[in-house]
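Step one of this worksheet: look at the structure below.
Numbering (my numbering), first residue to last: 137 to 629.
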């Protein structure tokens, strides 16, 4: 296929960042941490303020009522600039996520400033960097006029810290922002063909091998699930394969991400209310793609092969109907009971193909079921899979502020998954255990002996509520940070 260059119509903005031994001579403000001590607020010493300056600033902060409570923002004048204090709460309860969330809140208080120097990293450089970059993320959308001022800080200077830790944190935050950009892009501009082109360009730039299968390739190779979902749209489906293969990799990880660029539900049409949020139904593929590209930039010594099925689920005259039987890649047949359970249909093909790579581990992520939100809410990922690896993935997520919880695959679903007309059926037509049923369905396409985990991010991938911590409205970029941490851990085995 000819190389096609397609750029995203809009990208989110984040501040420039720099690591320095001391504050630059010209700054618009200083961002400092403030603790909630037993006898009042406490201002830790740092390279930004000497002892005398620290006492003076603390007196100003105390005078205006600053307490140092978590996420509290207080601004006071100091000499010719401002000092902005962000509360970290009780020092006995301080952890990385507290720093990350406080940094996110602080980022939104820096609007309109040019250069800000910060000592927040003394309590954790990586969480401070991640929180400030991700908290400052701003997606303006596609507008007729250029935005004169995005309202964010232009540059952040982190004073003191290790260069490697800083660079890893910046790359991680940039990967999350890229995943957010992909999810935030409207389906009018991001559809299977254009999405594949964007990923191809990004992969070549990062030194990642890319392979794209179009509808003819999918037909020839028997990807019946992807074709069954995608044939109802005028925009044909694609399968994208991204491979990062460093020479000294001792472990191999397969990654799969759901890439439904828009989901109407197909013939099993969704209600119209809030359907516009279905641009986010490719959040799994965005997270996986961003992870692979970041892994390459970080030069992680682990082989990663990502398989991303991209399709648009639409209800035209060629669309798959309830009651149809399809044949997946690898030969398994499936009775389609509900066409709005399309994610598992495309993922089945991708998982079967990914299993052929004989990975040590297989990670798959998808905005898969409303049942995930019913069971765990909108911020906690449901994780299913082989017991030990499932638990490991969930623990990594929780340790990084991307809440995740291990969920079982249910014995009773082994009966309800049976179909009178095919090997299995894609839903069981009850309200019970829908998240777990989807996990069991997917397990049928993974070769025995592979350690695997399925992450259902239906709620956590898209924030339709209020801004909190370092999480903006709309796309969140979950679970990119979990994946990168897990891959680094696997590389060290």
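The C-beta atom is built at its ideal place from N, Cα and C for all residues, glycine as well.
Quick caveat: nothing in here was measured; it's all calculated off a predicted structure.
In the structure shown, the three-state DSSP call for residue 592 is strand.
One Cα belongs to residue 272, the other to residue 165, and the distance between them is close to 16 Å. In the three-state DSSP reduction, residue 475 falls in the coil class, being neither helix nor strand. DSSP, reduced to helix, strand and coil, places residue 497 within a strand of the structure shown. Nearest Cα to residue 163 within the set 619, 215, 522: 215.
According to DSSP, residue 519 shares a beta bridge with 542, 591.
By the Cβ-count criterion, residue 501 is buried, with 16 or more other Cβ atoms from all chains shown falling within 10 Å of its own Cβ. Counting other Cβ atoms within 10 Å of its Cβ, residue 213 stays below 16 and is therefore classed as exposed.
The DSSP-derived three-state label of residue 534 is helix.
Secondary-structure assignment with DSSP links residue 176 through a beta bridge to 173. A straight-line Cα-Cα distance of about 14 Å links residue 254 and residue 190. When the five nearest sequence neighbours on each side are left out, the beta carbons in the same chain lying within less than 7 Å of the beta carbon of residue 489 are those of 443, 465, in order along the chain. Per DSSP, the unbroken alpha helix (DSSP H) holding residue 242 starts and ends at 232-244.
For the 7 Å CB-CB criterion, residue 239 and residue 256 form a contact.
Comparing alpha-carbon positions, the option among 492, 506, 554 lying closest to residue 584 turns out to be 492. With a contact defined as Cβ atoms closer than 8 Å, residue 328 and residue 447 qualify at about 6 Å. Residue range 209-214 is occupied by the beta strand (DSSP E) that includes residue 213. Going by DSSP, residue 445 is part of the beta strand (DSSP E) stretching over 439-449. The three-state secondary structure of residue 470, taken from DSSP, is strand. For residue 612, the closest of 541, 516, 342, 356 by C-alpha to C-alpha distance is 516. Minimum Cα-Cα distance from residue 364 among the listed residues 619, 381, 462 corresponds to 462. Cβ atoms of residue 204 and residue 170 come within 8 Å of each other, at about 4 Å. Looking from the CA of residue 378, the closest CA among 348, 245, 354 belongs to 348. Beta-bridge analysis with DSSP links residue 255 to no other residue. For residue 508, the number of other beta carbons within 10 angstroms of its own is at least 16, and it is reported as buried.
With respect to the C-alpha of residue 221, the residue from 258, 179, 192 having the closest C-alpha is 179. In its chain, beyond the 5 residues on either side, 315, 393, 501, 593, 597, 613, 614, 615, 616, 619 have a beta carbon closer than 8 Å to the beta carbon of residue 423. Setting aside the 5 residues that flank it on each side, residue 290 is surrounded in the same chain by 151, 152, 249, 250, 251, each with a C-beta closer than 8 Å to its C-beta; the list follows chain order. Assigned with DSSP and collapsed to three states, residue 296 falls in coil, not helix or strand. At a Cβ-Cβ threshold of 7 Å, residue 270 and residue 497 do not count as neighbours.
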